[in-house]
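Undergrad: Same order as they appear, the protein sequences are chains A and B. If you want my numbering, it's the 1-based position in the first sequence plus 216. If you want my numbering, it's the 1-based position in the second sequence plus 6. Note that CB positions come from ideal geometry on N, CA and C, so glycine has one too. All values reported here derive from a predicted model rather than from experimental measurement.
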Amino acid sequence: MSPTSAEFHLLLALMRSPRHGYGLMQDVEELSAGKLRLGPGTLYTAIRRLRTSGLIAECDADADRRRCYRLTRKGRSIASGEARRLSDLVGVARKHGLLPSAT
Amino acid sequence: MTPERVYAALLTLYPKPFRNEYGPAMIDAFRDLRQSSRRSPFGFWRFVVADIVRSAAREQFDECRTGSRRFAFRWLATCALGLTVTVLVTNMVAWTFSYFYHPYFEGLTVPPWGYGACLALILGGTILIGQRLLLPRQPHRARAWVLASAVALPIAALLCGSVVERTLTGMNPVAADPSADALQVLLRGLHQPKNWTELAVQLAVMAASGLAVGIITARPSAEKRHAH
Numbered sequence: 217m218s219p220t221s222a223e224f225h226l227l228l229a230l231m232r233s234p235r236h237g238y239g240l241m242q243d244v245e246e247l248s249a250g251k252l253r254l255g256p257g258t259l260y261t262a263i264r265r266l267r268t269s270g271l272i273a274e275c276d277a278d279a280d281r282r283r284c285y286r287l288t289r290k291g292r293s294i295a296s297g298e299a300r301r302l303s304d305l306v307g308v309a310r311k312h313g314l315l316p317s318a319t
Numbered sequence: 007m008t009p010e011r012v013y014a015a016l017l018t019l020y021p022k023p024f025r026n027e028y029g030p031a032m033i034d035a036f037r038d039l040r041q042s043s044r045r046s047p048f049g050f051w052r053f054v055v056a057d058i059v060r061s062a063a064r065e066q067f068d069e070c071r072t073g074s075r076r077f078a079f080r081w082l083a084t085c086a087l088g089l090t091v092t093v094l095v096t097n098m099v100a101w102t103f104s105y106f107y108h109p110y111f112e113g114l115t116v117p118p119w120g121y122g123a124c125l126a127l128i129l130g131g132t133i134l135i136g137q138r139l140l141l142p143r144q145p146h147r148a149r150a151w152v153l154a155s156a157v158a159l160p161i162a163a164l165l166c167g168s169v170v171e172r173t174l175t176g177m178n179p180v181a182a183d184p185s186a187d188a189l190q191v192l193l194r195g196l197h198q199p200k201n202w203t204e205l206a207v208q209l210a211v212m213a214a215s216g217l218a219v220g221i222i223t224a225r226p227s228a229e230k231r232h233a234h
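(1) Which residues in the same chain have their Cβ closer than 7 Å to the Cβ of residue 269(A), if we skip the five residues on either side of it in sequence?
(2) For residue 284(A) and residue 235(A), which I take to be in contact (beta-carbon distance under 8 Å), what is that distance rounded to the nearest angstrom?
(3) Quick one: is residue 44(B) buried, meaning 16 or more other Cβ sit within 10 Å of its Cβ, or exposed?
(4) Would residue 304(A) be called buried (16 or more neighbouring beta carbons within 10 Å of its own) or exposed?
(5) Comparing the C-beta of residue 241(A) with each C-beta of chain B, is any distance below 8 Å?
(6) Measure the CB-CB distance between residue 262(A) and residue 222(A) and report whether it falls below 8 Å.
(7) Hey, is residue 40(B)'s beta-carbon within less than 8 Å of any beta-carbon in chain A?
(8) Helix, strand or coil for residue 285(A) per DSSP?
(9) Determine the chain B residues that contact residue 238(A) at a beta-carbon separation under 8 Å, and present them in chain order.
(10) Across which residues does DSSP place residue 272(A) in a beta bridge pair?
(11) Taking residue 22(B) as part of the alpha helix (DSSP H), name the residues at either end of that continuous run.
(12) In whole angstroms, what separates the C-alpha of residue 70(B) from that of residue 63(B)?
(13) Is there a Cβ of chain A sitting closer than 8 Å to that of residue 48(B), yes or no?
(14) Pick helix, strand or coil for residue 312(A), following the three-state DSSP scheme.
(15) Do residue 252(A) and residue 245(A) have their C-beta atoms closer together than 8 Å?
(16) Considering only residues of the same chain and omitting the five flanking positions on each side of residue 59(B), which have a CB-CB separation below 8 Å?
(17) How would you list, in chain order, the residues of chain A whose beta-carbon sits under 8 Å from the beta-carbon of residue 53(B)?
(18) Do the CB positions of residue 237(A) and residue 57(B) come within less than 8 Å of each other?
Next comes the structure, spelled out in C-alpha cells:
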C-alpha cells in the first residue's frame with residue numbers, strides 16, 4: 217500500500233506519540249511547515265483508510281475522552297518504506313540536476 | 007443555529023456508516039479548529055465546506071466501490087451494459103436488413119415471439135459477460151438480481167420502444183421535432199407490436215427466455231462454491 221501525502225503526514229505525526237484528531241491536524245500543519253492543512257473531513261477519511269489497512273489503531277481515550285490513534289507495527293513499516301521511496305526519488309532528482317547536490 | 011449544528015448538518019453528505027463512526031469526533035475537531043482559527047469567517051467556512059465536499063465525494067465513491075452499495079452499483083452497470091448492447095445489436099440488424107433490401111423480402115415479418123426470444127438471447131449473452139466482468143465474487147443475492155435483470159431489461163426496452171413509437175406515429179409531421187428522428191433511429195430495431203396480444207406474447211417470450219438464460223448463466227453464489 218502506498219499512502220497518499222496526507223496519510224503519510226499522519227503516519228509521521230503518529231511516530232512521536234498517540235494523538236487525537238485535532239492534535240493530528242496541528243502536527244501535520246507543523247510537519248509540513250504550514251503547506252498542508254487538513255480539515256476534519258480529510259483527516260477522518262484518511263484515518264478511516266489507515267485504520268482499515270491496519271496502519272493505525274485506536275487507543276484508549278485521553279483525559280478529554282477524545283478518541284486517540286497510535287501507529288501499528290505495520291504502519292511503521294509502511295511509513296519507513298515510503299520514506300525510503302521518497303528518499304530514492306530525491307536522489308534521482310539530484311542526479312538529474314532538479315535539486316542542488318546534498319554536499 | 008450554532009456553527010456546530012451547521013457542520014453537523016453538512017455531515018449528512020457522508021455515507022451513514024462513516025458518519026456514525028466518525029461524526030462526533032469530526033464535530034469535536036471542527037469546534038477546536040474554529041476556536042483556534044485566525045481566518046475570517048468567510049475564509050474559514052470556505053475551507054471547511056471545500057474540505058467536506060472533497061472528502062465526502064471520495065468517501066461516497068469508496069462506499070460505492072467497496073461498501074454496501076457495491077453490489078447495487080455493479081448491478082446497474084450490468085443492466086446499462088445489457089441495454090446498450092441490445093439496442094446496438096437490434097439497430098445493426100435493422101440497418102443491415104435495410105441496406106441489403108430486396109423486393110423478395112417485401113412483406114416479410116418477424117413473429118413477435120421469435121423477435122422476443124432473439125432479444126432475450128442477446129441480452130442473456132450480455133448478462134453472462136457482465137457477470138464474469140462485473141460480478142467476479144457474487145454475494146448471496148447475485149443470482150436473484152441477475153434473473154431480475156434478465157426479465158426487467160427486455161420489458162423495459164420493449165415498453166420504451168412501444169411508447170415512443172406510438173407517440174411518434176401520432177405526431178404532426180409538419181411540426182415534427184428533428185430530435186425525434188434520432189429517437190426513431192435508436193428504437194427502430196425494436197419490434198413494434200401491432201396489438202395488445204402481440205405485445206403480451208412478446209413480453210411473455212422475452213421474460214421466459216430471459217429467465218432461462220439467466221438460470222443457465224448465473225454462477226453459483228460464493229457460499230455454495232465454498233461448500234462444494
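TA: Here's the rundown:
(1) The count along the first sequence starts at 1 and reaches residue 269(A) at position 53. Closer than 7 Å at the Cβ level, and outside the excluded window around residue 269(A), lie 217.
(2) By 1-based counting over the first sequence, the position of residue 284(A) is 68. By 1-based counting over the first sequence, the position of residue 235(A) is 19. Yes, they are in contact, since the Cβ atoms of residue 284(A) and residue 235(A) sit about 7 Å apart, within 8 Å.
(3) Sequence index remark: in the second sequence, residue 44(B) carries index 38 (1-based). That one is exposed.
(4) Along the first sequence, read from residue 1 onward, the residue named residue 304(A) stands at position 88. Label assigned to residue 304(A): exposed.
(5) Reading the first sequence from its first residue, position 25 is the one you call residue 241(A). Cβ-Cβ to chain B under 8 Å: yes for residue 241(A).
(6) Here residue 262(A) refers to the residue found at position 46 of the first sequence. Here residue 222(A) refers to the residue found at position 6 of the first sequence. Cβ distance < 8 Å, so residue 262(A) and residue 222(A) count as in contact.
(7) Taking the first residue of the second sequence as 1, we reach residue 40(B) at position 34. False, the Cβ-Cβ gap to chain A never drops below 8 Å.
(8) Locating residue 285(A) in the first sequence gives position 69, where the first residue counts as 1. Reduced to three states, the DSSP call for residue 285(A) is strand.
(9) Here the question's residue 238(A) lines up with position 22 in the first sequence. The answer, in chain order, is 34, 35, 38, 39.
(10) On the first sequence, position 56 is the one that residue 272(A) refers to. Answer is 287(A), bridged to residue 272(A).
(11) Taking the first residue of the second sequence as position 1, residue 22(B) is located at position 16. Residues 22-42.
(12) Here residue 70(B) refers to the residue found at position 64 when the second sequence is read from its first residue. Here residue 63(B) refers to the residue found at position 57 when the second sequence is read from its first residue. Taking the straight line from one Cα to the other gives about 11 Å.
(13) For the purposes of this step, residue 48(B) is taken as the residue at position 42 of the second sequence. It does not: the Cβ of residue 48(B) has no partner Cβ on chain A nearer than 8 Å.
(14) Taking the first sequence and counting its residues from 1, the one referred to as residue 312(A) is at position 96. Here residue 312(A) sits in coil by DSSP.
(15) Here the question's residue 252(A) lines up with position 36 in the first sequence. Here the question's residue 245(A) lines up with position 29 in the first sequence. Yes, Cβ-Cβ distance for residue 252(A) and residue 245(A) is below 8 Å.
(16) Residue mapping note: residue 59(B) aligns to position 53 of the second sequence, counting from 1. The residues are 19.
(17) Taking the second sequence and counting its residues from 1, the one referred to as residue 53(B) is at position 47. Per Cβ cutoff of 8 Å: 253, 255.
(18) For the purposes of this step, residue 237(A) is taken as residue 21 along the first sequence, with counting starting at 1. For the purposes of this step, residue 57(B) is taken as residue 51 along the second sequence, with counting starting at 1. The answer is no: Cβ separation not under 8 Å.
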